[in-house]
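The opening position of the sequence shown corresponds to residue 1 in UniProt numbering, with each subsequent residue numbered one higher.
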Amino acid sequence: MGRDTRPRKSLGASLHNQIKESRVLMVGAGGIGCELLKNLVLTGFGEIHIVDLDTIDLSNLNRQFLFGMQHIKKSKAIVAKEIAGKFNPNVKLEAHHANIKDPNFNVKWFKGFNIVFNALDNLDARKHVNRMCLAADVPLIESGTTGYNGQVQIIKRGETECYDCNPKPVPKSFPVCTIRSTPSQPIHCIVWAKSYLFAEVFGTSEESTPELDPTEDSENAQEIANLKREAEELKNIREKMDSPDFAEAVFSKVFTRDINRLRSMEDMWKSRKKPEPLDYGKVLEESKSIDASISRNDQSKWSLAENFTVFADSLKRLATRMLELKATMKEGDTPPILSFDKDNEDTLDFVAASANLRSSIFDIEIKSKFDIKQMAGNIIPAIATTNAITAGLCVLQAFKVLQNKLSEGRMIFLAKSADRACSSETLAPPNPSCETCCVARLTLSADITRATLNDLIKILRSQLNYNEEISVLTGNQLIYDIDYDDNVNTPLKDLGFQDETFVTIVDDSDSDDDEPPRVNLVIAITHDPEMASDQYPISEPEKIEIQRKPRPKPEPSQDQDDNLEMHDVTESRKRKLEDGLTVLEDASARMRQIVPEDAGPVQKKVKVAETIVIEDDEAIMID
Numbered sequence: 001m002g003r004d005t006r007p008r009k010s011l012g013a014s015l016h017n018q019i020k021e022s023r024v025l026m027v028g029a030g031g032i033g034c035e036l037l038k039n040l041v042l043t044g045f046g047e048i049h050i051v052d053l054d055t056i057d058l059s060n061l062n063r064q065f066l067f068g069m070q071h072i073k074k075s076k077a078i079v080a081k082e083i084a085g086k087f088n089p090n091v092k093l094e095a096h097h098a099n100i101k102d103p104n105f106n107v108k109w110f111k112g113f114n115i116v117f118n119a120l121d122n123l124d125a126r127k128h129v130n131r132m133c134l135a136a137d138v139p140l141i142e143s144g145t146t147g148y149n150g151q152v153q154i155i156k157r158g159e160t161e162c163y164d165c166n167p168k169p170v171p172k173s174f175p176v177c178t179i180r181s182t183p184s185q186p187i188h189c190i191v192w193a194k195s196y197l198f199a200e201v202f203g204t205s206e207e208s209t210p211e212l213d214p215t216e217d218s219e220n221a222q223e224i225a226n227l228k229r230e231a232e233e234l235k236n237i238r239e240k241m242d243s244p245d246f247a248e249a250v251f252s253k254v255f256t257r258d259i260n261r262l263r264s265m266e267d268m269w270k271s272r273k274k275p276e277p278l279d280y281g282k283v284l285e286e287s288k289s290i291d292a293s294i295s296r297n298d299q300s301k302w303s304l305a306e307n308f309t310v311f312a313d314s315l316k317r318l319a320t321r322m323l324e325l326k327a328t329m330k331e332g333d334t335p336p337i338l339s340f341d342k343d344n345e346d347t348l349d350f351v352a353a354s355a356n357l358r359s360s361i362f363d364i365e366i367k368s369k370f371d372i373k374q375m376a377g378n379i380i381p382a383i384a385t386t387n388a389i390t391a392g393l394c395v396l397q398a399f400k401v402l403q404n405k406l407s408e409g410r411m412i413f414l415a416k417s418a419d420r421a422c423s424s425e426t427l428a429p430p431n432p433s434c435e436t437c438c439v440a441r442l443t444l445s446a447d448i449t450r451a452t453l454n455d456l457i458k459i460l461r462s463q464l465n466y467n468e469e470i471s472v473l474t475g476n477q478l479i480y481d482i483d484y485d486d487n488v489n490t491p492l493k494d495l496g497f498q499d500e501t502f503v504t505i506v507d508d509s510d511s512d513d514d515e516p517p518r519v520n521l522v523i524a525i526t527h528d529p530e531m532a533s534d535q536y537p538i539s540e541p542e543k544i545e546i547q548r549k550p551r552p553k554p555e556p557s558q559d560q561d562d563n564l565e566m567h568d569v570t571e572s573r574k575r576k577l578e579d580g581l582t583v584l585e586d587a588s589a590r591m592r593q594i595v596p597e598d599a600g601p602v603q604k605k606v607k608v609a610e611t612i613v614i615e616d617d618e619a620i621m622i623d
């Protein structure tokens with residue numbers, strides 16, 4: 001019996017042939033990605049491309065089954081290709097150890113796929129893939145998990161709502177690899193300080209040192225030996241808590257040696273700034289004049305030296321508590337541990353100072369002790385079964401896409417419930433107010449070394465009939481509006497434009513009875529270095545019709561509001577979001593919209609960072 005006999009009988013000849021001839025992209029090779037890749041390969045998808053920037057960590061092995069001890073520190077994408085390829089040698093696999101936001105993964109590249117699968121664990125990349133699939137008009141199957149909860153969604157331009165169509169809660173999930181290796185936000189450092197460093201030194205270690213099998217691969221053997229040494233180091237330091245050099249030992253391990261190890265991984269820093277390790281002796285000297293009472297100043301952002309002072313002092317206080325507990329321990333008792341409590345000054349000081357020291361190493365914004373107290377939360381472990389079910393649902397939805405049966409596709413929610421594990425609803429149409437998918441689209445070629453922002457604005461007004469009231473944005477960064485014209489004579493390249501850059505044009509004209517403002521126009525500007533020097537530096541735009549925005553619905557009266565049906569689709573979706581079944585965020589907003597009201601005047605030249613606020617009792621998942 002041939003390998004294809006049973007799948008052909010199960011799926012039918014037509015669908016089976018479509019699967020074999022399909023070319024799909026899977027972004028992310030972590031918890032969901034491992035399960036999904038296995039499903040795709042065994043189903044027989046003809047060609048599968050895998051993109052993932054991360055490397056394999058010890059903590060991945062309990063749920064990312066494609067990886068073993070011998071793969072630690074290796075590329076997830078490359079190892080996933082090697083292992084999954086053994087399941088079905090008839091499938092062509094291509095691995096890319098890279099960031100999906102790299103410029104070589106452009107719209108043209110996305111157009112080469114029949115389906116894109118998102119198996120990501122961070123918001124920014126999800127939103128990026130969503131935009132690229134919309135621009136390339138390629139179906140996207142979005143998925144995510146949080147503990148027992150999961151979600152699968154089909155996204156198709158013009159037919160279904162996209163990732164940004166509905167307001168989403170701020171995400172509270174962070175990958176272990178980000179926490180341990182490549183933090184980029186203050187919350188990453190806070191989670192590291194609370195759930196890794198504090199737990200290893202004073203609490204219950206999350207990673208017991210494993211028994212390591214020998215391997216014939218000398219490179220992997222060395223990496224595993226390094227990992228074992230690192231795992232043992234904090235354990236050995238913990239045993240010397242009564243030593244006068246305890247603070248120096250902890251500091252040098254996590255802020256110097258561990259950082260130097262990360263710096264040695266050159267591939268990780270090709271497109272990001274390397275972390276800068278701290279020197280214990282130098283920081284100690286700078287902090288000699290600072291009193292430990294600085295920890296009481298919880299509203300200000302401490303300097304590096306002040307953070308060091310609080311770190312050393314809180315470490316001493318916690319060590320004293322631990323030694324006192326050990327002194328009262330009787331023979332046969334379980335060794336004492338300390339638990340993090342945001343209302344305990346000792347533990348909060350230690351986490352706040354440790355997080356800020358790590359932030360300074362990775363050039364991340366320092367937070368006040370007050371802010372850190374608000375952001376610290378609990379951790380929900382990722383569950384392999386949830387990932388497996390979600391991955392299976394992704395493939396089932398892919399069958400609907402390949403058969404052009406979107407009307408049969410479903411938005412599926414997975415939850416721990418007494419009634420049922422899965423619930424679903426029909427795919428909703430695009431939200432007319434969405435500024436990501438309900439937009440006009442245009443592609444222009446330009447010599448970005450010659451073309452200025454003013455050249456683009458002239459085309460908008462002369463060829464596309466825009467008036468004076470427009471704003472021009474790249475991402476969330478405002479580069480032009482009627483009150484901000486500093487950049488009009490700047491070449492596009494000097495404004496950060498690359499080979500392919502997306503620009504959003506916002507119609508700021510006032511809405512009136514006759515003509516509401518037009519929907520946003522998203523222009524993909526591609527660099528054309530061969531454009532003749534005597535030619536206008538931006539190509540002539542094709543003729544397009546830019547729709548008007550829908551008129552806002554009148555606010556319902558109180559009587560009407562009281563009589564609204566409580567079980568309509570909108571409320572159902574809202575409840576699902578409030579229950580935490582999605583790991584999503586508010587759709588991208590214009591720069592002036594995402595600045596808090598109390599933030600003072602808008603600094604238009606500076607890209608605005610989105611603020612993450614985590615409630616005290618809410619959870620953070622590490623996947």
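Cβ atoms here follow ideal geometry from the backbone N, Cα and C, with glycine treated the same way. As the structure is a computational prediction, the values presented were derived from the model and not from experiment.
Contact between I361 and D455 is ruled out by a C-beta separation of about 42 Å, above the 8 Å threshold. Taking a cut-off of 8 Å for Cβ pairs, the region 381-399 and the region 320-339 do not touch, as fewer than three such pairs fall below it. For R261, the enclosing alpha helix (DSSP H) has its first and last residue at D258 to R263. L315 sits close to V250, with the two beta carbons spaced by under 8 Å. Judged by their CB atoms, F87 and L42 are nearer to each other than the 8 Å cut-off. Around the CB of T347, 16 or more other CB atoms lie within 10 Å, so the residue is classed as buried.
Shown here, Y163 sits in coil according to DSSP, grouped into three states, outside any helix or strand.
Every unbroken stretch of the alpha helix (DSSP H) spanning 4 or more residues and falling wholly within the UniProt domain "Ubiquitin-activating enzyme SCCH" (296-373) is given here in chain order: 304-327 and 345-361. Under the criterion of beta carbons closer than 8 Å, H128 and H96 do not qualify as touching, at roughly 15 Å. The straight-line gap separating the alpha-carbon atoms of E161 and E425 is approximately 13 Å. In the pairwise beta carbon analysis, the region 258-272 is classified as not touching the region 286-295: fewer than three pairs are separated by under 8 Å. Nearest neighbour of V522 by Cα position, chosen from Q535, T501 and S509, turns out to be T501. In this structure, DSSP gives V138 a state outside helix and strand, which the three-state scheme calls coil. Scanning E530, Y536 and D499 for the CA closest to the CA of N106 turns up D499.
In terms of CA proximity to F45, V24 leads the group V24, A319, I457 and E200. When L444, S423, A13 and S295 are compared, the shortest CA-CA separation from E540 is found for L444.
DSSP places I19 in the uninterrupted alpha helix (DSSP H) bounded by A13 to E21. Here L197 is buried, its C-beta having at least 16 other C-beta atoms within 10 Å. A residue is called buried when at least 16 other Cβ atoms come within 10 angstroms of its Cβ; N356 meets this threshold and is buried. Leaving aside the five residues that flank A391 on each side, the residues in its chain whose CB is nearer than 6 Å to its CB run, in chain order, I32, E35, L36 and N39. Per DSSP, the beta bridge partners of F117 are M26 and I141.
Taken atom to atom, the span from the alpha-carbon of P336 to that of M322 is near 7 Å.
Between the alpha carbons of D279 and A428 lies a gap of roughly 55 Å.
In the DSSP assignment, D455 falls within the unbroken alpha helix (DSSP H) covering L453 to S462. Under the three-state reduction of DSSP, V91 is assigned to coil, being neither helix nor strand. Distance from I100 to A125 at the Cβ level is roughly 6 Å; contact confirmed, criterion being Cβ atoms closer than 8 Å. Scanning its chain for C-beta atoms nearer than 6 Å, with the 5 sequence neighbours on each side dropped, one finds around A312 the residues A247, in chain order. The C-beta distance from L492 to A446 rounds to 6 Å, short enough to fall under 8 Å. Burial check for I448: the Cβ neighbour count within 10 Å reaches 16 or more, so the residue is buried.
Around the beta-carbon of E239, fewer than 16 other beta-carbon atoms lie within 10 Å, marking it exposed. Distances from the alpha-carbon of D57 to those of E21, I179 and A136 put I179 closest. With contacts defined as CB atoms closer than 8 Å, L66 and A80 qualify as a contacting pair.
Taking 8 Å as the upper bound for CB-CB distance, N487 and L495 are in contact here, some 6 Å apart.
At least 8 Å separates the beta-carbon of I457 from that of Y484. Secondary structure of M531 (DSSP, three-state): coil.
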